[in-house]
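Step one of this worksheet: look at the structure below.
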Amino acid sequence: MQVGDPLRLGELRGGALQYDPDWQSRPLWLLATGTGLGPLWGVLREALRQDHQGAIRVIHLAHDVDGHYLAEPLAALAVSHPNLTVELWTAAQLPQALAQLRVVSRQTLALLCGHPASVEAFSKRLFLAGLPRNQLLADVFLPRGI
62 MQVGDPLRLG
72 ELRGGALQYD
82 PDWQSRPLWL
92 LATGTGLGPL
102 WGVLREALRQ
112 DHQGAIRVIH
122 LAHDVDGHYL
132 AEPLAALAVS
142 HPNLTVELWT
152 AAQLPQALAQ
162 LRVVSRQTLA
172 LLCGHPASVE
182 AFSKRLFLAG
192 LPRNQLLADV
202 FLPRGI
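Anchor point for the sequence shown: position 25 equals 86 in this note's numbering, and the numbering is continuous, going up by one each time.
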């Protein structure tokens, strides 16, 4: 390809992780591990573009502090959107952080994306915290060979 060549992208479909305008006033939790933050970054930006009115909580789990690759853009969005909170967790913090996870509203929707074991850990904790299973949508990133 050369600079200026036209490029056509087909419509992308699939996956549970997309913003639904019907969620406008509901609390929205976006929980990601590693590169699972990428799809949720798109969901977050769409929710904010559509002026989501409910609280939005973003939790990103990384192996270490350096793994939070969208920390600065997330912080900037949180400054300009008072309904957005961002939590950056590391693997060492996970057990304690999960133990403190509480669902405040029965209307909360949770979208999860990342490694299967982490998504499962988030899912179990959210269920134990009172989130109905039909209010949780997840996409897992399967390792190669599975």
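The beta-carbon is built from N, C-alpha and C at its ideal position, and this holds for glycine as well.
Just so it is clear, the structure is predicted and the values come from calculations on it, not from any experiment.
By the DSSP assignment, the alpha helix (DSSP H) with residue i in it spans what residues?
i    : result
G95  : Counting along the chain, G95 falls outside any alpha helix (DSSP H), and DSSP gives it neither H nor E.
L192 : First-last for L192: undefined, no H or E at that position.
A116 : Taken as a continuous stretch (DSSP letters only), A116 belongs to no alpha helix (DSSP H), as it is neither H nor E.
P156 : 155–160
Ordered along the chain, which non-local residues of its own chain (more than five positions away) have a Cβ less than 7 Å from that of residue i?
i    : result
S179 : T94, L122
A171 : W90, L92, L187, L192, Q196, L197
R163 : A190
L135 : V119, V147
Starting from the C-beta of residue i, find all residues in its chain whose C-beta is less than 6 Å away, skip the five residues before and the five after it, and write them out in chain order.
i    : result
P100 : L78, C174
For the beta strand (DSSP E) that contains residue i, what are its first and last residues?
i    : result
L198 : 197–201
Within 10 angstroms of its Cβ, does residue i collect 16 or more other Cβ (buried), or is it exposed?
i    : result
L91  : buried
R186 : buried
L203 : exposed
A153 : exposed
R74  : The predicted position of R74 is uncertain, since its pLDDT is 45 and thus under 50; no value can be drawn from it.
E72  : Residue placement at E72 cannot be trusted, given a pLDDT of 43 that sits under 50; the coordinates are not used to answer.
H124 : exposed
V104 : buried
Look at residue i and residue j and say whether their C-beta atoms are less than 8 Å apart.
i    : j    : result
P88  : Q168 : yes
T96  : V126 : no
V147 : V119 : yes
Y80  : E107 : yes
L149 : L138 : no
A132 : L159 : no
Quickly, what does DSSP pair residue i with across the bridge? List them, please.
i    : result
W150 : L122
A132 : In the DSSP output, where bridge partners are listed per residue, A132 has none listed.
G175 : V201
L145 : I117
L91  : V119, L172
Under 8 Å Cβ to Cβ from residue i, same chain only, skipping five residues before and after it: list those, please.
i    : result
Q111 : Y80, P82, Q85
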